[in-house]
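> Here it is, the structure in full.
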DNA sequence: GATTGACCTTCCAGTTACTGGAAGCCCTAA
DNA sequence: TTAGGGCTTCCAGTAACTGGAAGGTCAATC
């Protein structure tokens, strides 16, 4: 089948498929007219890539997974290890984002958000760590 | 001061500072020998950028924040709006990652992870949605 | 004065994973 | 035969740097 059919079946853009061929993830044969000719197996590979990329595996990880996929003798533990590592990575990213969100929320809450120019967000970015003291009343009203 | 001093004070790599100059985020003057000469104000700007980037603002958002920073008449509501939008973005990313993590965990848990080649992770990636039937016993053993 | 070594400069290329666009075949239907 | 759509390759651009090469500058040392 032609590239557009493969694209439709694999839910990948045509451009992406050409790119995957360029970096050696798929190797469709060519018809006499020079068009790429995808087999059902090629489409399977593309679908595999589409799913793995959607799960956050990098291209290089996909390459590894693909060789495990094609290796009828691989140990499932190898695949599981890759998946566990990816889970840990995702967890780290989540934690980073959560703490980032906390900082942003603190800033947003401190900002009155009106027409006045005073802005604790800008002040914080500028390095004026507001301190925001007065735990026992003593500052401004 | 020279670029390495500015780098130390702003906690930014030298290369990054040169890049920021290239894209117009800082404009240090030049000494007679051609070296960049950073003022304390320039370093303030660099620190500002370092913090804002660390909080996940893109370069273009940093540019906006910077012009708000430099605009003594800006309304704090403008800054707050940018921050709120960023919070929403971070929340979306967190949700995506959480659901991604759930999928990966489901796969990892289903995988026995031993020397045998059968692997539900690979099967899933390959599109064999395991179905995982046999709820009333009937299959092997 | 010469040399060493750190620091500075510019410029080019590479990273990740595509995406857009131009120029130009190929194929089918009207 | 012409129009259209699909296909090809190749080049460039994205985001935000990072690495490296080639070469100028400076301060200290011999």
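Chains as they are written, first to last, in the numbering used here: chain A, 1 to 141; chain B, 1 to 141. Positions of the beta carbon are idealized from the N, C-alpha and C atoms, including for glycine.
(1) Note down, in chain order, all residues in the region 63–94 of chain B with a beta-carbon under 7 Å from any beta-carbon belonging to chain A.
(2) Anything in the region 21–36 of chain A with a Cβ closer than 7 Å to a Cβ of chain B? List those residues in chain order, please.
(3) Nearest CA to the CA of residue 103(A): which residue from 56(B), 64(B), 123(B)?
(4) Reducing DSSP to helix, strand and coil, say where residue 40(A) ends up.
(5) With three or more C-beta pairs closer than 8 Å as the rule, is the region 31–39 of chain B touching the region 63–71 of chain B?
(6) Any beta-carbon of chain A closer than 8 Å to the one on residue 15(B)?
(7) Quick one: what's got a C-beta closer than 8 Å to residue 141(B)'s C-beta in the same chain, skipping five residues either side?
(8) Verify whether the separation of the beta carbon atoms of residue 112(A) and residue 76(B) is less than 8 Å.
(9) For residue 98(A), which residues of its own chain have a beta-carbon under 8 Å away from its beta-carbon, when the five flanking residues on both sides are left out?
(10) Quick one: grab the DSSP three-state call for residue 130(B).
(11) Name, please, each residue of chain B whose Cβ falls closer than 8 Å to the Cβ of residue 118(A).
(12) Tell me which residues share the same chain as residue 116(B) and place their Cβ nearer than 7 Å to its Cβ, disregarding the 5 neighbours each side in the sequence.
(13) Output the distance between the C-alpha atoms of residue 53(A) and residue 65(A), rounded to the nearest integer angstrom.
(14) Quick one: grab the DSSP three-state call for residue 30(B).
(15) Can you look up residue 20(B) in the DSSP assignment and give me helix, strand or coil?
(16) I want to verify the contact list: residues of chain A whose CB lies under 8 Å from the CB of residue 114(B), in sequence order.
(17) My understanding is that residue 25(A) touches residue 63(A), with C-beta atoms under 8 Å, so please give their C-beta distance in whole angstroms.
(18) Determine the direct distance from the alpha carbon of residue 90(B) to that of residue 41(B), and round the result to whole angstroms.
(19) Locate the alpha helix (DSSP H) running through residue 78(B), then write down its first and last residues.
(20) I'd like to know if residue 105(B) contacts chain A, where contact means its C-beta is closer than 8 Å to some C-beta of that chain.
(21) Do the CB positions of residue 101(A) and residue 87(B) come within less than 8 Å of each other?
(22) So for residue 63(B), helix, strand or coil by DSSP?
Let me lay it out:
(1) Listed by position, the residues of the region 63–94 of chain B near chain A (Cβ gap below 7 Å) are 65, 68, 69, 72, 73, 74, 75, 76, 77, 79, 80, 83, 84, 86, 87, 90, 91, 93, 94.
(2) Of all residues in the region 21–36 of chain A, none places a beta-carbon less than 7 Å from a beta-carbon of chain B.
(3) On the first chain, residue 103(A) is found 103 positions in, with the first residue counted as 1. Measuring from the Cα of residue 103(A), the nearest candidate turns out to be 56(B).
(4) For the purposes of this step, residue 40(A) is identified with residue 40 of the first chain, where counting begins at 1. If DSSP states are grouped into helix, strand and coil, residue 40(A) belongs with the helices.
(5) No, because fewer than three Cβ pairs between the region 63–71 of chain B and the region 31–39 of chain B fall closer than 8 Å, the two stretches do not touch.
(6) Against the second chain, residue 15(B) aligns to sequence position 15. Judged by the 8 Å Cβ criterion, residue 15(B) is not in contact with chain A.
(7) Here residue 141(B) is taken as the residue at index 141 of the second chain, counted from 1. Confidence is the limiting factor: at residue 141(B) the pLDDT is only 27, short of 50, which leaves the residue's position unreliable, though a coordinate-based value still follows. Same-chain partners within the cutoff: there are none.
(8) In the first chain, residue 112(A) corresponds to position 112, counting from 1. In the second chain, residue 76(B) corresponds to position 76, counting from 1. Cβ atoms of residue 112(A) and residue 76(B): closer than 8 Å.
(9) Counted from its first residue, the first chain places residue 98(A) at position 98. Taken in chain order, the list of residues that qualify is empty.
(10) One-based indexing of the second chain puts residue 130(B) at position 130. Because residue 130(B) sits at a pLDDT of 44, beneath the cut-off of 50, its placement in the model cannot be relied upon, and the point is left open.
(11) As a position in the first chain, residue 118(A) is number 118, starting the count at 1. For residue 118(A), the residues of chain B that pass the 8 Å Cβ criterion are 76, in the order they occur in the chain.
(12) Residue mapping note: residue 116(B) aligns to position 116 of the second chain, counting from 1. Excluding its 5 nearest sequence neighbours in each direction, residue 116(B) has no C-beta neighbour in its own chain below 7 Å.
(13) Taking the first chain and counting its residues from 1, one reaches residue 53(A) at position 53. Taking the first chain and counting its residues from 1, one reaches residue 65(A) at position 65. Using only the alpha carbons, I get a separation of about 11 Å.
(14) On the second chain, position 30 is the one that residue 30(B) refers to. Strand at residue 30(B).
(15) Position 20 of the second chain holds residue 20(B). In this structure, residue 20(B) counts as helix in the three-state DSSP scheme.
(16) Position 114 of the second chain, counted from the start, is the residue given in the question as residue 114(B). The contacting residues are 75, 76, 77.
(17) In the first chain, residue 25(A) corresponds to position 25, counting from 1. In the first chain, residue 63(A) corresponds to position 63, counting from 1. With a beta-carbon spacing of about 7 Å, residue 25(A) and residue 63(A) fall inside the 8 Å limit used to define contacts.
(18) Against the second chain, residue 41(B) aligns to sequence position 41. Against the second chain, residue 90(B) aligns to sequence position 90. Going from the Cα of residue 41(B) to the Cα of residue 90(B) covers about 31 Å.
(19) As a first step, residue 78(B) is located in the second chain; it is residue number 78 there, counting from the start. Its alpha helix (DSSP H) spans residues 76–110.
(20) On the second chain, residue 105(B) is found 105 positions in, with the first residue counted as 1. Closer than 8 Å to some Cβ of chain A, the Cβ of residue 105(B) qualifies, so yes.
(21) Position 101 of the first chain, counted from the first residue, corresponds to residue 101(A). Position 87 of the second chain, counted from the first residue, corresponds to residue 87(B). Remark: C-beta atoms of residue 101(A) and residue 87(B) approach each other more closely than 8 Å.
(22) Indexing the second chain from 1 puts residue 63(B) at position 63. Helix.
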